[in-house]
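One structure below.
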Amino acid sequence: MSFVFDADIISVFAKIDRLELLSIVFGKNLFMPEVVYHDLLRAQRAGYDYVSGALQVIKVMKADKSYASLIESKKLGAGEIECIALCKEHAMTFVTNDEKVKSAAQTLGIDVVDLNVILWYLKEERIVSKEELRKIINDIEVKDNTVLIGKESLLRD
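Under our numbering, think of the first position of the sequence shown as 1, with each following residue one higher.
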């Protein structure tokens, strides 16, 4: 199985310095479209050093522009459009944490994984301890300025 990553999930795990978790959870078939790659390069040039590791873990893949043009009516960003196009073109699963984008992808029949699913998987498969999961959640909330809904149930036994 192969996975296409939007910039939001990549940046979350890069900011908390835990990109290796993406490889542990998803394996080696991790991709991002060129637009997301260029967004990450711009962030790196702007001084966001957390991005460099992502460029080593996730491979860049070119999206077919004909697929992308079919999706443009969804009022999404270029990176999101190319992610969805790659998923449609290659029957891949989309990894994003953006609700609007998840909805658009699911409407097109694309399987979607979000941050909560990743965290649940880390817990259920015992990839990380409960204390480590608590630290990961705290780091995400602080370093990515993200509020994780449902974190209490995630941290329950």
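Note that beta-carbon positions come from the ideal geometry of N, C-alpha and C, so glycine has one too.
Since the structure is predicted, the reported quantities are computational estimates derived from the model, not experimental observations.
What did DSSP end up calling T93 once you bin it into helix, strand or coil? The sequence position of residue 93 within the sequence shown is 93, counting from 1. Strand.
According to DSSP, is K62 part of a helix, a strand, or is it coil? Here residue 62 refers to the residue found at position 62 when the sequence shown is read from its first residue. Here K62 sits in coil by DSSP.
Restricting to Cα atoms, I'd like to know which of F13, M1, V4, G47 is closest to I136. The count along the sequence shown starts at 1 and reaches residue 136 at position 136. Cα-wise, what sits closest to I136 is F13.
According to DSSP, what are the bridge partners of F26? As a working mapping, residue 26 is identified with position 26 in the sequence shown. None; F26 has no bridge partner.
Tell me the DSSP secondary structure of S51 in three-state form. To locate residue 51, count along the sequence shown from 1; it is residue 51. The question names Ser, but residue 51 in the sequence shown is Val. Correct three-state label for V51: helix.
What do you reckon, are the CB atoms on L76 and L119 nearer than 8 Å? Here the question's residue 76 lines up with position 76 in the sequence shown. Here the question's residue 119 lines up with position 119 in the sequence shown. Cβ atoms of L76 and L119: not closer than 8 Å.
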